[in-house]
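There are 2 protein chains.
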Amino acid sequence: MPELHRLPILGGRTAPVSRAVAEPGQGDPLSVAGAAAAVAPIAYLDDGRAHREEAQREELLQVGDLARECGKTVRAIHHYEAVGLLKPHTRSKGRYRLYGRDAIARVRWIHKLHELGMTLTDIQEILALWERAPSAPDGMREIRAVYHQRLAAVREQLERLTLLERELFASLRYLDTCDTCDPNLLTARFGDAHHADACSSCTHHVEEPEPELVAGLHAGGHT
Amino acid sequence: MPELHRLPILGGRTAPVSRAVAEPGQGDPLSVAGAAAAVAPIAYLDDGRAHREEAQREELLQVGDLARECGKTVRAIHHYEAVGLLKPHTRSKGRYRLYGRDAIARVRWIHKLHELGMTLTDIQEILALWERAPSAPDGMREIRAVYHQRLAAVREQLERLTLLERELFASLRYLDTCDTCDPNLLTARFGDAHHADACSSCTHHVEEPEPELVAGLHAGGHT
DNA sequence: ACAAACCCTTACGCAAGCGTTAGGGTTATC
DNA sequence: GATAACCCTAACGCTTGCGTAAGGGTTTGT
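Each protein sequence line maps, in turn, to chains A and B. So the first sequence is numbered by my numbering: it starts at 1 and just counts up by one. So the second sequence is numbered by my numbering: it starts at 224 and just counts up by one.
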């Protein structure tokens, strides 16, 4: 992975619902929202399918709603669709994308895997694995293998980063002592208080070796 | 930061010295290699400048040597120079870049800061800060501020990644139980053992809620 | 003098993950 | 029926950190 993650900023808008898209009205087969959660516990083992279908009967989200709920941009959602990570549940007459609430879970899933260092393509391949699997347990086995690898990579990264964090911290403590340094004294000694050697010869940390994160500054520079 | 780090692979060549560039010969003011390290301890506080100048009298490295010693490519070194992170100590008559051994420290410094999530531009700005500082202590103060910020960012990243690592690990354990699942039983129950509900209704983890990293698979898919 | 290894500069290429127009419909509200 | 606020598709743009030629010298050894 290239560098550290800079997390996306959440959208600024307030209202989580759009101008009442797909509102509960008669004639529309896609609207009986509510109660699903209350019924689920019983239906759970009896028929997960009914449970799931009910979930889809809930109010649908426009792409903007989905984006806001996930802290993504509309463009990002479109992009995910383009690379095969997501598909709208339906389209309105005007070809507006309409998503079920489960799309939120999907987008968050994408987000997390991405934070875990996978590319969108990698993630797509996971979906492909899952879809091509002959049975659910088979699919899960394959997913598990991928996750397993990722876990190893993440742990490696964590170790590296932890070491670097310590180094950085140590360097900061080293630099703290520089504050007690009087430029005039250095000038007296070296003529030019800015000279690279002024620091490495400063008496405040004679014993301490200069940390690499500090030494690099006055090493073979561009100066 | 975009994703996780994939560390560069070290070069394959064996010999760390090139075909004897800038060999100790007469007439060349840049060659008295050796002894420097032995003299240094005494000169250290007396005159850091002499110490440093001696270091530069050591044998010089060609760009290929430098690259190999740092696990970078020649192209990368060139690039660092292009963005103002590094400059050859000298050039040969034929315009070959010749670096002092301290360039190694510089490149490693660049590498570490990069791993810590800074862009090359960020790193260049650190150098600029240092060079523009009126005195060494002043410079160090500015550097410290930058490092301080970085430390905070890195720690944030570590926390996020640690949480995600746990989630991933938990998901793996959840998936382990899938292995004990018999596709035939699922088929008997759902007709299609691959159906998304087959897994979420599997009796093996009735109580356990499905981890997000698993739920995302069969949520609002591209299927 | 010639080959093997290097090195030089210039400049286009590339992967990722969206950002950003550009031009043009759609929905819901007033 | 006129807005405002959204949404659609298509497609080029951008950033980072080099990779990869392309065309041509330089060093060193034999």
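Glycine included, each C-beta is placed from N, C-alpha and C at the ideal position.
Residue 399/B classed as buried or exposed, judged by whether at least 16 other C-beta atoms fall within 10 angstroms: With fewer than 16 Cβ atoms within 10 Å of its Cβ, residue 399/B is classed as exposed.
Compare the C-beta of residue 158/A against all C-beta atoms of chain B and say whether one is closer than 7 Å. For residue 158/A, the answer is yes, since a Cβ of chain B falls inside 7 Å of its Cβ.
Thinking C-alpha only, which one of 320/B, 395/B, 305/B is nearest residue 288/B? Of the listed residues, the one whose Cα sits closest to residue 288/B is 320/B.
What's the gap between the Cα of residue 212/A and the Cα of residue 379/B? When rounded, the separation of the alpha-carbon atoms in residue 212/A and residue 379/B is 23 Å.
In terms of residue numbering, what span does the beta strand (DSSP E) encompassing residue 147/A cover? Under the DSSP assignment, residue 147/A falls outside any beta strand (DSSP E), being part of the alpha helix (DSSP H) whose first and last residues are 136 to 176.
Determine, using beta carbons only, whether residue 181/A and residue 360/B come nearer to each other than 7 Å. Result yes, Cβ atoms of residue 181/A and residue 360/B sit closer than 7 Å.
When 117/A, 139/A, 160/A, 111/A are compared against residue 402/B, the one with the closest alpha-carbon: The residue with the shortest Cα to Cα distance from residue 402/B is 139/A.
Kindly indicate which three-state DSSP category residue 217/A falls into: helix, strand or coil? Looking at residue 217/A - three-state DSSP - the assignment turns out to be helix.
Under 8 Å, CB to CB, which of the residues in the segment 361 to 377 of chain B have a partner in chain A? Near chain A, meaning a CB-to-CB distance below 8 Å, the residues of the segment 361 to 377 of chain B are 361, 362, 363, 364, 366, 367, 370, 371, 373, 374, 376, 377.
For the alpha helix (DSSP H) that residue 324/B lies in, which residues bound it at each end? Here residue 324/B belongs to no alpha helix (DSSP H), and DSSP marks it neither H nor E.
Measure the CB-CB distance between residue 154/A and residue 116/A and report whether it falls below 7 Å. Pairing residue 154/A with residue 116/A gives a Cβ-Cβ distance under 7 Å.
Cβ neighbour criterion (16 or more within 10 Å) applied to residue 101/A: With 16 or more other Cβ atoms within 10 Å, it is buried.
Nearest-angstrom beta carbon gap, residue 439/B and residue 109/A [assumed within contact, 8 Å]: At roughly 2 Å, the Cβ-Cβ gap stays under 8 Å, so residue 109/A and residue 439/B are in contact.
Any chain B beta carbon closer than 7 Å to residue 70/A: Using a Cβ-Cβ cut-off of 7 Å, residue 70/A does not count as an interface residue toward chain B, since no Cβ of chain B sits closer than that to its own.
Rounded to the nearest angstrom, how far is the Cβ of residue 442/B from that of residue 105/A, given a contact under 8 Å? About 4 Å; that satisfies the 8 Å criterion.
Would you report the Cα separation of residue 336/B and residue 346/B, rounded to the nearest angstrom? When rounded, the separation of the alpha-carbon atoms in residue 336/B and residue 346/B is 7 Å.
Looking at chain B, is there any beta carbon in it that lies within less than 7 Å of the beta carbon of residue 122/A? False, the Cβ-Cβ gap to chain B never drops below 7 Å.
Residues near residue 144/A by beta carbon distance below 7 Å, same chain, minus five either side: Result list for residue 144/A: empty, nothing under 7 Å.
Look up residue 90/A in the DSSP assignment and say whether it is helix, strand or coil. Residue state, collapsed to three classes: strand.
Which residues, in chain order, does the segment 305 to 321 of chain B contribute to contact with chain A at a C-beta distance below 7 Å? Those residues of the segment 305 to 321 of chain B placed with their C-beta closer than 7 Å to a C-beta in chain A are 307, 308, 309, 310, 312, ordered along the chain.
I'd like to know whether the C-beta of residue 228/B is nearer than 7 Å to at least one C-beta of chain A. Residue confidence is low: residue 228/B scores 39 on pLDDT, short of 50, so the model does not pin down where it sits. No coordinate-derived value is stated.
Cβ-Cβ separation, residue 326/B to residue 309/B (assumed contact under 8 Å), whole Å: With a contact defined as Cβ atoms closer than 8 Å, residue 309/B and residue 326/B qualify at about 6 Å.
Neighbourhood of residue 341/B by C-beta distance below 7 Å, restricted to the same chain and skipping five residues each side: Closer than 7 Å at Cβ, skipping near neighbours: 373.
Name the residue from 433/B, 317/B, 388/B, 330/B whose alpha carbon lies nearest to the alpha carbon of residue 304/B. Ranking 433/B, 317/B, 388/B, 330/B by Cα distance to residue 304/B puts 330/B first.
If the criterion is Cβ atoms closer than 7 Å, does the pair residue 147/A and residue 284/B meet it? The answer is no: Cβ separation not under 7 Å.
Chain B residues whose Cβ lies nearer than 8 Å to that of residue 166/A: Chain B residues near residue 166/A: none, gap ~10 Å exceeds 8 Å.
8 Å contact criterion, which residue 165/A and residue 381/B should meet: CB distance rounded: In this structure, residue 165/A and residue 381/B form a Cβ contact; the two beta carbons are roughly 6 Å apart against a cut-off of 8 Å.
Per DSSP, what are the beta-bridge partners of residue 284/B in this structure? Answer is 322/B, bridged to residue 284/B.
Am I right that residue 430/B and residue 397/B are in contact with their C-beta atoms under 8 Å? What's the rounded C-beta distance? Incorrect: roughly 12 Å between the Cβ atoms, too far for contact.
By Cβ distance, which residues of its chain are closer than 6 Å to residue 302/B, with the 5 residues on each side in sequence left out? Cβ within range, chain order: n/a, list empty.
7 Å Cβ cutoff, residue 175/A in contact with chain B: Yes, contact with chain B.
For residue 70/A, which three-state DSSP category applies? Residue 70/A: helix per DSSP, three-state reduction.
What is the DSSP secondary structure of residue 306/B, counted as helix, strand or coil? Reduced to three states, the DSSP call for residue 306/B is coil.
Straight-line Cα distance separating residue 125/A from residue 385/B: Each residue's Cα considered, the two are about 24 Å apart.
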